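**Student:**
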Amino acid sequence: MASVLNNRASFILFWSLYSLMVSDLVSGQIRYSIPEELEQDAFIGNIAEDLGLDVHRLSARKLRMVSDDLKRYLEVNMLNGILFVNERIDREKLCGQSSTCFISFDVSVENPLEMYRVEVEILDINDNSPSFPKGRFTLQIFELVAPGTSFPLESAHDPDVGINTISTYQISPNEHFGLKIETRSDGAKTAELVLQKALDREQQSTFQLALTAIDGGIPHRSGTAQVFITVLDANDNAPVFSEKIYRANLLENPPKDTLVIRIQADDLDERQNGEVTYSFSDRVSAKVRKLFNVDPVTGEVRVQGVLDYEESNMYELDVQAVDNAPQAMALVGYAKVFVGIIDINDNAPDVKLTSLSGMVAEDAIPGTVIALITVSDRDSGKNGQVDCQLARNVPFKLLTSSKYRYKLVTSDTLDRETVALYNVSILAWDEGSPPLSTTKIISVTVSDVNDNAPQFTQSSYNVYLTENNSPGASIFTVEAVDRDLNQNGEVSYFVLESNWHNTSAYVSINSKSGNLYALRSFDYEKLKHFQIHIQARDGGVLSLNSIATLNAIILDQNDNAPVVVSPITWNNSANVEIAPQSTYPGYTVTKVIATDADSGQNARLSYKLMDCTDPSLFKLDPLTGEITTTRSIFDVDVAFQRVVLLVKDNGQPSLSTTLTILFQILDNVTEQFFERNEQPVTVEYFSHLNLYLIIGLGTTSLIFLVIITCLVTIKCKQDSTIIRDYNTSACCCLRPQSSDSAVYRRPTAKEYLNYTGGGETLPVPDKYNFRVCLSPESSKSEFLFLKACNPTLPLGDVNVGDTSNYQ
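All the letters of the sequence shown, read from the start, carry residue numbers -28 to -1, 1 to 779 under mature numbering (1 follows the signal peptide of the UniProt record, and there is no 0).
Structure follows, in structure tokens:
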């Protein structure tokens, strides 16, 4: 046994050295030969060197092994190109009794893409000994059998092939029996026991012989079975078949019980010794018995199972005919039946994916490999010739790699936003009649790249905001859509800073939702509109963005009450003086001018007379605010007239301001006015309100005097008028054009106001000038009074200039 192992090791070493020296590269194909049973990691060959590839660039060119087999017996080192044994190879398990055994696979490299076919032939070694189905066989031979008669013996089985399978049989030495060795059509050896000397049952009724099967390997292996022979007496004629060999042909897949052939044997004996029964001999395997059966009476051989040409195209049946003599005397005749199977187109092409990349980037260039495809058909001839094509209107095409091997590559640019998933249909059909076809659907997912910028639903937005809004409240939501996926399609929003104003002080934005929030309460009177730029940016590695403009328009609210700008007020009160002799019905006493910081209807003002000391003396224009007299002023009229009016805007709800105007009616003579003022006030008419009015009028008069003095001084300097008369009266006068003397009086407050309405200014004739003088009557008062040079001048014709700076 040790010698056998040593010889086996020597054989393996021999074939290992042989595989290193013999490698063949023909037209992109390499073939190696190795013996079976090599140890794991055993060296087979260097594919890179045999193909002339640069070993140092194998990693960059992505050398890889593409195999159809699920079990990987061989592996390639992707760094140096060495092919080695990955798993122990049992040739008998891998290829059975086939005379040749190959392991085939493809090797691919990229940049540029090249495919090479590698075939490794697995050589048989003599690692199996012949064995018989049974260790003991029994034969019964009639003593009258003539010498030269042969008796088939059960064959031994050896899984090895070629010279390593059974080469001969031997039987233990004896003088009656010998062996006849025959070779079957498949190359298998069979043995028949041949009677060499006539038997005499009376001399020897049994024989025990050793049958040995020997293979042709080096060293030889053998198996032994015992043959027990019993010598019978009686029937001396065996059945004889009409033919020694029968032949029949069937189309594959015939129906059950289809007649294959009818065999016939004749026996020259009479009665029961001449009656024949048909059956399969012991040589027929159990598998064949499942496919065929033979009628014991008629000899008809019929189909029992499924006959598949792709599994086997020829069956050899050993049949026998046994006469009906007593068992000990029955004789047997033998014949062979060869059944050929004719191929029909019963197998559709098989499409296999040997390598699949189910995802391709949408920016992949045309020619990118998606899958490697192998197409095969188990049928033969035209039935096994296959054509292949893709469905139309897809950006892919098939390129032939080798016979029945294809590459699925891109043929056009891809756009995931247009089509994200392709179900590529590959149609394969054979050339049989009728042809059979197979459709294989490959799902190819187009992966996203960041090639789409976010797009706003509008390029600009107009947002209308009501003033006095709550800070922090949401005012608007912008939305941008990005057609990309996942991170490339995640949109974030940002407010861009402006060069002319700080937009971050006005609004903020939620970067995820696009909600805009006011950071302050807007005031229409200070800010009527503003503009911001909003950027939408995706989350790609190289992010893309777009910008939209948001115009925020502030809407007015009625949040400002009217403000009286003329006459000048103090504590919502004003003082106006009038002279009764110079008034007439319809005379404009004063004009109330009010403004409202709001706009539109909120700034549309109206005037209403609420209260009046003498309702018959004054009337108020509700639109212009002019207060006019309805009659002349008489001496009996009260010296102080009080008018309370309401200024109201047109907002909803409306806001209003109340103004109290005190009118002081003066006499013609200033002296009498002061005497009347200096009379004691009786307790009956004196009140706190009178005190407040006196203080207010005094203060207002003082302020007016200072302002007018300053204005006259400035005017005097501009006219280069030098005042030289410094007398006790301390009077600086601008003389009227007329030299006539005038009785000076203190001008009313109306004469110092600029009454404007709708942008109009009352005209002032050039002939009217004023003098500012210190009245001689000032000895009776601490106040300075201004006297008009022409007391008869109507007050309605005077414009004293713009007093807006005096408010």
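The beta carbon of each residue, even a glycine, is placed where N, CA and C say it ideally should be. This one's a predicted model, so the numbers in the text were calculated from it and none came from an experiment.
What three-state label does DSSP hand residue 66 in the structure shown?
**Tutor:** By 1-based counting over the sequence shown, the position of residue 66 is 94. Helix, per DSSP.
**Student:** Under the three-state reduction of DSSP, which class applies to residue 256: helix, strand or coil?
**Tutor:** Here residue 256 refers to the residue found at position 284 of the sequence shown. Note: residue 256 maps to coil in three-state DSSP.
**Student:** Answer yes or no: the CB of residue 578 versus the heavy atoms of the ligand FAD, is any distance below 6 Å?
**Tutor:** Summarising the ligand content, the structure contains no ligands, and the ligand FAD is consequently not present.
**Student:** Out of 424, 579, 597, 583, state which residue places its alpha-carbon closest to the alpha-carbon of residue 515.
**Tutor:** One-based indexing of the sequence shown puts residue 515 at position 543. The candidate whose alpha carbon is nearest that of residue 515 is 424.
**Student:** Relative to the C-alpha of residue 401, which residue among 110, 173, 209, 361 is closest?
**Tutor:** One-based indexing of the sequence shown puts residue 401 at position 429. It is 361 whose Cα lies nearest to the Cα of residue 401.
**Student:** State the DSSP-derived secondary structure class of residue 22, mapped to helix, strand or coil.
**Tutor:** By 1-based counting over the sequence shown, the position of residue 22 is 50. DSSP places residue 22 in helix when its eight states are reduced to three.
**Student:** Alpha carbon to alpha carbon, how far is residue 375 from residue 317? Give it in angstroms, no decimals.
**Tutor:** For the purposes of this step, residue 317 is taken as the residue at position 345 of the sequence shown. For the purposes of this step, residue 375 is taken as the residue at position 403 of the sequence shown. Cα-Cα distance, rounded: 20 Å.
**Student:** How about residue 185 and residue 141: are their beta carbons less than 7 Å apart?
**Tutor:** Along the sequence shown, read from residue 1 onward, the residue named residue 185 stands at position 213. Along the sequence shown, read from residue 1 onward, the residue named residue 141 stands at position 169. Contact flag set, yes.
**Student:** Considering residue 459, what are the terminal residues of the beta strand (DSSP E) in which it resides?
**Tutor:** Here residue 459 corresponds to residue number 487 of the sequence shown, with the count starting at 1. That residue, residue 459, is in no beta strand (DSSP E); its alpha helix (DSSP H) goes 458 to 461.
**Student:** Would you report the Cα separation of residue 356 and residue 256, rounded to the nearest angstrom?
**Tutor:** Residue mapping note: residue 356 aligns to position 384 of the sequence shown, counting from 1. Residue mapping note: residue 256 aligns to position 284 of the sequence shown, counting from 1. Between residue 356 and residue 256, the C-alpha separation is close to 31 Å.
**Student:** Return the chain-ordered ranges of every alpha helix (DSSP H) run that is complete within the segment 420 to 446 and spans a minimum of 4 residues.
**Tutor:** Listed in chain order, nothing qualifies, since the segment 420 to 446 has no complete alpha helix (DSSP H) run of 4 or more residues.
**Student:** Would you report the Cα separation of residue 175 and residue 188, rounded to the nearest angstrom?
**Tutor:** Counting from 1 along the sequence shown, the entry for residue 175 is found at position 203. Counting from 1 along the sequence shown, the entry for residue 188 is found at position 216. About 38 Å.
**Student:** If we ignore side chains and look at the alpha-carbon of each, how far apart do residue 503 and residue 447 end up?
**Tutor:** Counted from its first residue, the sequence shown places residue 503 at position 531. Counted from its first residue, the sequence shown places residue 447 at position 475. So the two alpha carbons sit approximately 14 Å from each other.
**Student:** Using only the alpha-carbon positions, how far apart do residue 780 and residue 479 sit?
**Tutor:** Outside the modelled stretch of the chain, which goes from -28 to 779, sits residue 780, for which no answer is possible.
**Student:** How close, in whole Å, do the beta carbons of residue 428 and residue 520 come, if the pair is a contact with beta carbons under 8 Å?
**Tutor:** Here residue 428 is taken as the residue at index 456 of the sequence shown, counted from 1. Here residue 520 is taken as the residue at index 548 of the sequence shown, counted from 1. Their Cβ separation, rounded to whole angstroms, is 4 Å, which keeps residue 428 and residue 520 in contact under 8 Å.
**Student:** My output table needs one value for residue 149: the three-state DSSP class, helix, strand or coil.
**Tutor:** As a working mapping, residue 149 is identified with position 177 in the sequence shown. Correct three-state label for residue 149: strand.
**Student:** Since residue 66 and residue 53 are thought to touch, with beta carbons under 8 Å apart, how far apart are those beta carbons, to the nearest angstrom?
**Tutor:** Your numbering for residue 66 matches position 94 in the sequence shown. Your numbering for residue 53 matches position 81 in the sequence shown. Contact flag wrong, Cβ pair sits at about 24 Å.
**Student:** When burial is assigned at 16 or more other CB atoms within 10 Å of the CB, is residue 597 buried or exposed?
**Tutor:** The residue you call residue 597 lines up with position 625 of the sequence shown. So residue 597 ends up on the buried side.
**Student:** Please determine, among 289, 88, 538, 580, the residue with the shortest C-alpha to C-alpha distance to residue 566.
**Tutor:** As a position in the sequence shown, residue 566 is number 594, starting the count at 1. Comparing Cα-Cα distances from residue 566 to each of 289, 88, 538, 580, the minimum goes to 538.
**Student:** DSSP on residue 505, reduced to helix/strand/coil?
**Tutor:** The sequence position of residue 505 within the sequence shown is 533, counting from 1. The answer is strand: DSSP assigns residue 505 an E or B state.
**Student:** Would you call residue 790 buried or exposed, if buried means 16 or more other Cβ atoms sit within 10 Å of its Cβ?
**Tutor:** Within the shown structure, residues of the chain are numbered from -28 to 779, placing residue 790 beyond reach of any answer.
**Student:** Determine which residues share a DSSP beta bridge with residue 295 and list them.
**Tutor:** Counted from its first residue, the sequence shown places residue 295 at position 323. Note: residue 295 sits in a beta bridge opposite 248.
**Student:** Are three or more beta carbon pairs between the segment 578 to 589 and the segment 611 to 627 nearer than 8 Å?
**Tutor:** Yes, since at least three Cβ pairs between the segment 578 to 589 and the segment 611 to 627 fall closer than 8 Å, the two stretches touch.
**Student:** For residue 688 and residue 677, what's the separation of their Cα atoms in angstroms?
**Tutor:** Along the sequence shown, read from residue 1 onward, the residue named residue 688 stands at position 716. Along the sequence shown, read from residue 1 onward, the residue named residue 677 stands at position 705. Distance between the alpha carbons of residue 688 and residue 677 is about 16 Å.
**Student:** Go ahead and pull the three-state DSSP assignment for residue 515.
**Tutor:** For the purposes of this step, residue 515 is identified with residue 543 of the sequence shown, where counting begins at 1. Correct three-state label for residue 515: coil.
**Student:** Is the distance from the Cβ of residue 69 to the Cβ of residue 119 below 7 Å?
**Tutor:** On the sequence shown, residue 69 is found 97 positions in, with the first residue counted as 1. On the sequence shown, residue 119 is found 147 positions in, with the first residue counted as 1. Their beta carbons are not under 7 Å apart, which means residue 69 does not touch residue 119 by this criterion.
**Student:** Measuring alpha carbon to alpha carbon, tell me which residue in 210, 344, 600, 102 is nearest residue 127.
**Tutor:** Counted from its first residue, the sequence shown places residue 127 at position 155. If we check each option's Cα against that of residue 127, 102 comes out closest.
**Student:** Roughly how many whole angstroms lie between the Cα atoms of residue 215 and residue 307?
**Tutor:** The residue given as residue 215 occupies position 243 in the sequence shown. The residue given as residue 307 occupies position 335 in the sequence shown. Their backbone Cα atoms lie some 7 Å apart in a straight line.
**Student:** Residue 295 and residue 303 look like a contact to me (Cβ under 8 Å); what is the Cβ gap, rounded to whole Å?
**Tutor:** Position 323 of the sequence shown, counted from the start, is the residue given in the question as residue 295. Position 331 of the sequence shown, counted from the start, is the residue given in the question as residue 303. That pair is a contact at about 5 Å.
**Student:** Helix, strand or coil for residue 682, going by three-state DSSP, please let me know.
**Tutor:** Counting from one through the sequence shown, the residue named residue 682 turns up at place 710. Looking at residue 682 - three-state DSSP - the assignment turns out to be helix.
**Student:** Quick one: what's residue 368 bridged to in DSSP?
**Tutor:** Start at 1 with the first residue of the sequence shown, and residue 368 comes out as number 396. 382.
**Student:** Where do the N-terminal and C-terminal ends of the beta strand (DSSP E) with residue 110 fall, by residue?
**Tutor:** Mapped onto the sequence shown, residue 110 falls at position 138. 108 to 114 is the span of the beta strand (DSSP E), which, as asked, contains residue 110.
**Student:** Since residue 301 and residue 114 are thought to touch, with beta carbons under 8 Å apart, how far apart are those beta carbons, to the nearest angstrom?
**Tutor:** As a working note, residue 301 is residue 329 in the sequence shown. As a working note, residue 114 is residue 142 in the sequence shown. Confirmed, Cβ separation roughly 6 Å.
**Student:** Comparing C-alpha positions only, which one of 491, 280, 324 sits nearest to residue 227?
**Tutor:** For the purposes of this step, residue 227 is identified with residue 255 of the sequence shown, where counting begins at 1. Closest option to residue 227, Cα to Cα, is 280.
**Student:** Is the distance from the Cβ of residue 98 to the Cβ of residue 58 below 7 Å?
**Tutor:** The count along the sequence shown starts at 1 and reaches residue 98 at position 126. The count along the sequence shown starts at 1 and reaches residue 58 at position 86. Contact: no.
**Student:** Pick helix, strand or coil for residue 188, following the three-state DSSP scheme.
**Tutor:** Sequence index remark: in the sequence shown, residue 188 carries index 216 (1-based). Coil, per DSSP.
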